[in-house]
Every structure is written in C-alpha cells, then in structure tokens.
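Residue numbers (our numbering): 32 to 810.
Backbone N, C-alpha and C fix where the C-beta goes; we use that ideal spot for every residue, glycine too.
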Amino acid sequence: MAKRICVIGAGPSGLVAAKSLNDDPSLKFKITIFDAQARIGGLWPLEKEDDGLVNPDMCTNQSRHTVSFSDLAWGAEEPKFPKAWMVGRYLERYLGRYGGEWDVRLGWRVRRVERAGGGEGSAEGWKVWVTKTAGEADERSESEEVLDFDYVIIATGFFGKAKMPKGLENASVPVAHSSQIREIKSLISRGDGKAVGKGRKIVVVGGQMSGVETAAAIAMQISSAANTPGNTTIEDAGNYVVTHLVQKPVWVMPLVFPVDPVLEEDGVKTKNRSPNFLPLDLVSYDIGWRPEGTVQNTSGHITTEAAALTHGFMETYIGSNQTEYGPALGVIGETKTEPPLLACSDQYMEFVRQKKIDVITGRMVEASGDSITIFNSSGESETITDVAAIICATGFDASPSIEFLPSDVLETLKFDASDDGFPLALNVHTTISKEIPSLGFVGFYRSPYWGVMEMQARFLAKLWSGDEKARKAFDEDVTMQTMMKLRKDPRIAQFPMGDYAYLMESFGEILEIQRYEPSSSPPGARSGIITPYRYTYPNVSPAQNTEIKLALGEHYSTFYASSQKARFVPRAVFRGLQGIWTLNRTITSRIATFPSGTLTGTATLFPRDPTDVQPKSTKTPPTKPTLQPPSPNPASGSSCSNHTNPTSATLEYLYFEEGQFLTSFGATMTAKRSYVYRYFEEKDCIDLWFAKQDYLTADYFFHRVEFIVPDQGEESKTRTAREGWRAVSSHLCIEDMYDVSYEFSFSGATLETWTCEYTVKGPQKDYTIRNVYTRPASP
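1. Identify, in the order they occur along the chain, each residue of the same chain with its Cβ nearer than 7 Å to the Cβ of residue 100, setting aside the five sequence neighbours on each side.
2. Residue 382 lies in the alpha helix (DSSP H); which residues open and close that run?
3. Quick one: Cα of residue 573 to Cα of residue 243, how far?
4. Compute the Euclidean distance between the alpha carbons of residue 384 and residue 198, then round it to the nearest angstrom.
5. Are the beta-carbon atoms of residue 635 and residue 611 separated by less than 7 Å?
6. Among all the DSSP beta bridges, which residues are the ones paired with residue 516?
7. What residue range does the beta strand (DSSP E) around residue 287 cover?
8. Please say whether residue 341 and residue 371 have beta carbons closer to each other than 7 Å?
9. Counting Cβ pairs closer than 8 Å, one from the stretch 677 to 687 and one from the stretch 697 to 710, do we hit at least three?
10. DSSP on residue 741, reduced to helix/strand/coil?
11. Which same chain residues end up closer than 7 Å to residue 333 when comparing Cβ atoms and leaving out the 5 residues on each side of it in sequence?
12. Alpha carbon to alpha carbon, what distance is there between residue 600 and residue 713?
13. Alpha carbon to alpha carbon, how far is residue 366 from residue 561? Give it in angstroms, no decimals.
14. Applying the 10 Å Cβ sphere with the 16-neighbour rule, what's the burial state of residue 221?
15. What is the DSSP secondary structure of residue 594, counted as helix, strand or coil?
16. Quick check: the Cα distance between residue 542 and residue 350, rounded to an integer number of angstroms?
17. So the alpha helix (DSSP H) residue 501 belongs to, where does it begin and stop?
18. Rank 736, 344 and 193 by C-alpha distance to the C-alpha of residue 716 and give the top, closest one.
19. Going along the chain, which unbroken runs of the alpha helix (DSSP H) with 4 or more residues stay wholly within the stretch 387 to 449?
20. Take residue 93 and list the residues in its own chain whose beta-carbon comes closer than 6 Å to its own, dropping the five residues that flank it on each side.
21. Our contact map puts residue 42 next to residue 73 with C-beta atoms below 8 Å; I'd like the distance itself, whole angstroms only.
22. Which of helix, strand or coil does DSSP assign to residue 572?
23. Mind checking who residue 61 pairs with in its DSSP beta bridge?
24. Going straight from the alpha carbon of residue 760 to that of residue 771, what length do you get?
25. DSSP state of residue 457, grouped into three classes?
26. At the 7 Å Cβ level, is residue 226 part of the contact set with chain D, yes or no?
27. Applying the 10 Å Cβ sphere with the 16-neighbour rule, what's the burial state of residue 175?
28. Give me the DSSP bridge partner(s) of residue 758.
29. Enumerate in chain order the residues of its own chain whose CB-to-CB distance from residue 489 is below 6 Å, with the five nearest sequence positions on each side excluded.
30. Where do the N-terminal and C-terminal ends of the alpha helix (DSSP H) with residue 77 fall, by residue?
31. Helix, strand or coil for residue 664? Go by DSSP, reduced to three states.
32. With DSSP as the reference, please indicate the residues paired to residue 480 in a beta bridge.
33. If contacts are defined as beta-carbon pairs under 8 Å, then residue 780 and residue 289 qualify, I think. What distance do you get, rounded to the angstrom?
34. Are there 16 or more other CB atoms within 10 angstroms of the CB of residue 794, so buried, or fewer, so exposed?
35. What is the C-beta distance between residue 429 and residue 191, in whole angstroms, given that I count them as a contact (C-beta under 8 Å)?
36. Let me know the beta strand (DSSP E) ranges lying completely inside the stretch 593 to 632, each 3 residues or longer, listed in chain order.
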C-alpha cells in the first residue's frame, strides 16, 4: 500500500519534495500538496504583477545555474539572473513536467497537524486539518477536512511574518517593511506626483542583504525619476537621499565577479587589470578551492582565522577594502577578524559614492514625527531629521510558518522563536528530528540553496522507503548538536548553513550520488562549480537525462564564453561605469581651423529605467568642426558599419559631463554634453547614443563598444595583466571616419579608471580627443 505524504507548501521546497519522493517508481508514495495561496511558487510570483513578498521585477542575486533543480534546465536564451516572475514560471514548468500524479490543493490552508499514534514510534501517522482559503474556488464541496497521512513534510519556508522594530509608533511619516515596497512613490508621493511631506530622507533600517538591496532599489527609482524626460511621478526627485542605517560594515558584491583578479608575472603577484568575469555564484562556489580529503564545514561558528581569510578574499575580488566609499563601509582594523557580512548589489556602492545613499553606523531607538533617534557607533544619541519615510529591512519571523504544529511537537523540537538561525532542533542538516522521524523539513533554514532542498527531499525519500545507508546516517547524525551550540553564539555566521559545497557533498555521500566530473578529469578529481545538475542519480529517466545534459551543456558553454569570448566583460564594465568621474580631456588638432585644448570637469552616469524603444531621428549629423566628436545618423543614409538596433535595453545610464574648456589660444568656456549608454544582455553589448538638447532624451545612434578578445589580433599578443580591457569602434559618417578606442582598467570587480579616444579624419577634419576618467578623491 502506498504511503501517504502530506507536503505543506507549494513553493520550490514543496515541489521538489513531492518530485523527489516520486523519482523512483519502486517507492510507493501518494503525494498531496497543500498551499494557502491560489497559486504555486511560494515567494516567487508567476506574473509580472503580484502583491506577494517578492517584487516580480526583482532579479535573483544568484544565477539560474544555482536557482534551479537538477533535472529541469533553464532556456539558453533566458537571463543569467532571471527576474522573480521568471523563477515562478520555471516552477510552473517543473510542476507541469513532474507533477502529473500529485494531488495539488491550492487555496487550502493547513490549520493543524497532530500525531495520530499518541506520539510514540516512527510511523504513528498524522491527522491534518485543512480549510479552504476564503474566496478561493475549489471543486470540493466541504470547506474543512480532516485527513490522515503517514508522513508530513513542512516546506513553508522561513518567511513567516515580517519583523518590525519597536519604537515606530510615534512616527508621522509613512512606515513599511521592505517586502511591502514595490515603488517608493507609493509612500512619498500623492497620485499627482506631489510630495506627501517636506522631508527628503528615505531611511532604510537594516544593514544586511535585504537592507542593501532595498536601499539600492529605492535609490535607483529616485535616480530614474530624476533623470528620465517627462517623469513627474516624484516631485523634486533629485533632492531625495536614501539614509541607510547599518550596525557593521558589509561587503557588497556585484552580480558578476572576476575569475582571475590576481595573476603571477615573473614570480610576483600582480593585480589583473583585465580579468575575465562570471556570475558571482559561478566563481564563489568552486569546490576545487577546497583542501584535499572530505569537504569540511566552513560555516556555522566563524573563527578569527576563518574570518580573516574571507575578508581577504572579498578585498581581493571586490578590489578594495571599501574605505573609499566612507567609514561606515570600510572593512579595516578589528572588523577584519569579525564574522563577515555579505550582500549583493550592482548599484549600491556607486550610489554611496555619489551621496545618493548616505550610510550611517548606528542603532535605531525610536521615531517621533519626521525624526529618528539613533545610538551611533560611539553609543551617543543622534537625530536624523527631515525624514520622508521609514523602510524596515529587518528580516522575518519563521514562527508563523509552523504555527499549525501542536505545542508538544514544538517542545520536542526545542522551538525557540527568538533564534533567527535555528528555531527548531533538527538532524541531518535541518531535515528531520530523531524524536519525530515521520516529520520532515525541506528548505526550512535561512537562505536555502535549491540544490540542498533537493538533497533534503531525496534523503527523506530514501529514509522513509527503508534505505539502510540513509537510516545509518540518520542514526549516527550529530549535526543537530553542532547546530544547537550555535544558538546565541556571538560568532555565528551570517548564513549558518551557507557552505554549499559541504552540504551538497555531505548529502551526496549519504545518498551515494557521485558529483559529475568531465570525462577528461583524472580519477578522484574534484573541480568546478557546485550546481544541482552535477548531483544526480545514475538511473534517471530519459526525460530527466535530456534536461541534465542541457543544463550541463549550458554550464560549460558559459565558462567557455567567459574565458574565450569575453562574455560578461561588457556587463562588468557597464556596472563599473555608474556614478561620478573626474574627466580630463585633451584635444589635439592637426589642422589650423580646429583648435586644440583641454577640458577639466566631471562626468556622471546616472542609472535610469531603460527608455526602451530606440528613438528614430531624421536629424542631419553635424558637419562643421566641433569640440565634440560627431556621430553618424542612422536615418540619414550614411554608411555606419557597426549600427545595430536591438529591441530593448536591459540597463541604461544618462551620461552628463560638464567642465571648463581651455583652448590653445587662451579662450575658456563652460562645456556640457550628454549621451545615453545602454547595455543589452541578450547581445552582451554596450551601445552609445547622442542626447538631445534637453540633455535627457536619446537622439541618434553613436556607436557600439566592441571588446577585443585576448586571443584575437596581433595587438593582443603583448597584452599583460597591467593592461585593461580594450575595446574599439569605428564608422564612416558621410566622408569622415571615426575611430574610437577604449581601455577599462579593473581592480577586482571595481572599474578603477577608463579612457576613451576618438581619432577623426576627413576632408576637413583631422584631430584626436583623449578622455581620461578617474574616480574623485575619497571622502
């Protein structure tokens, strides 16, 4: 007789639990999934519009190679960092592919579960009370049912209820949790775009992952409103500042990371100014870095030595200790022996440099009116005034996710609602308890990896089907004891179960799953990046095997494209361009009718939402001598060899420069100019467009930045680690040839300096413009 399994939750962990239980046809499990929502996906929305906890437009902070299960490949054309609604659609495909025999009951909430056998034995069974969610249609006539199951899997996740700090009761400004915010204008603006109040500081409370992401997202919305033509959604947008209240410095990692930030030349380690790039997780989850022998856990309790190693890694790969952005973010001194805090954002750091995010070290005490009282890093009281809104990125309470468990079960599992890392005492990497072996957990820990969810589910399937090795691992497990020691440990890791390689290898040994290694690897080799599709059973179905091969093929093609085709370099450069630069320009004319000279000023690249449809222009390109290099006009019929017209940009900047121009004959003038920079993920390319006289609106196409791949051309043969990434462009505009060359010099993931040089030759033109961009001095 088939064993009846109740799976509570239809998000990623619930779906992979159900699928893993059905993987082996010889294992007889009858699966019923309950979810209070009317859709699957859990946190992950299925549509572009959704009012759940996750903004549908938010992209993942790990690539789709990590945000996936072993036997369903993402499409090669899909973004490397998919948006949240795309993840939801992936889960829909997963259910469609594997869930044909499951009983999926959406719109049904589990109200209560109780052990049917009085709490004794391993297979006492469970009674589960479920009720139909109000307003949800269902073919069943009864609004409440009591059902019997042999086993229960809790897959409800850690995001039970948003946690809000105390002391906000007397605030007169809007207050919200970060999970509630889609558009900041909903808090600070009325329907007509007018400001709700007089304050211009949007305070974000919380200095870890969600705090950084929230602060950057709000700053991006403000930047877009201030720098997009015709945008009136936020009054006085340019004067808003995000004030980010943190307690400790946090390493902020961009989504693409250098593969080789340091090279060795003549026995000396040197910064590689032109590193290759990959998605962050395809660099950091490299099992080849681990010492020989059994992979040991590097998370949990963080020693001072382990902390120093991680801080050193971050400084090398990010490219600095972050002091250039201000004291609140600098990782120096004693901080380098404290457990590291990590966050991901492409835009946060340059918003800080540009003073659009003001980072303050301190702890909020209370809010009153439009002010907030804090204790600063010295323990002194300070007041933040002129507050427009307060956003709390202060995490979640997991308790509501298990509120259906009876008190005796919670007591047995040593439930501690105040513990953010391990609220329950569970064995085998938070999968099950020896005290209640018919109750399983999948994905019930802070920031679970999709691959680990799948491994947890596989373990439960093996254990509950009588597998001897799974039973032995269960009986001998000591991970719960280790976990319990971490409760209240002052040196606990930010993510206590964050060692992906250790968890995957540990489960792989228990389940006898061999990690996939290329056929060319020597016996016993341990190399490459940890991904779910490298850990599969040998007896997968033909359909599963097809998906695994697709995923592996895409995996290795990604690494090939990075090392041989400069893939991700345009994205890394584009990210690095954001913000304020000191500009030094030299114009060298070789004809008497065009003056030479110099310009000193600033150039700022303001992020904004892409203005999408590429504008068409009938404007004739300038033909008279100009202090700025003219551009071809795609509508004029001129021959422009590298003009393309992708349908929609992924990312966009408004470039604005201003400075003092001094001619060779002594005249001075103020010069201003704008461009529009666009990045297209599908083509992995950067395009430049001229801006109209309003300095905001894209006008006509300028050129595409073509990066020189190291193994191409004679010039590349002498390239060294000290040279940056080079790029070129050229086009013929009527009778004038424009040759453009760039060099982008990196320190780790950080773009330190860049140059752009135009050489213009034509019947009446012969001049060179060289632009050198450096960051302004540190505050």
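Looking at the coordinates:
1. 47, 125, 481, 485 and 563
2. 379 to 384
3. 43 Å
4. 30 Å
5. yes
6. According to DSSP, which records beta bridges pairwise, residue 516 is partnered with nothing at all.
7. 287 to 289
8. yes
9. yes
10. coil
11. 370, 522 and 524
12. 14 Å
13. 29 Å
14. exposed
15. helix
16. 40 Å
17. 499 to 507
18. 736
19. 438 to 443
20. 312
21. 2 Å
22. coil
23. 35
24. 5 Å
25. coil
26. Here there is only one protein chain, and chain D is not present.
27. exposed
28. 738 and 773
29. 51 and 542
30. Careful: residue 77 lies outside any alpha helix (DSSP H) and carries neither H nor E.
31. Any reading at residue 664 must be qualified, since the residue scores a pLDDT of 34, below 50, and its modelled position is unreliable; the value itself is stated next. The answer is coil: DSSP assigns residue 664 none of H, G, I, E or B.
32. Answer by DSSP bridge pairing: none, since residue 480 is not bridged.
33. 5 Å
34. exposed
35. 5 Å
36. 610 to 620
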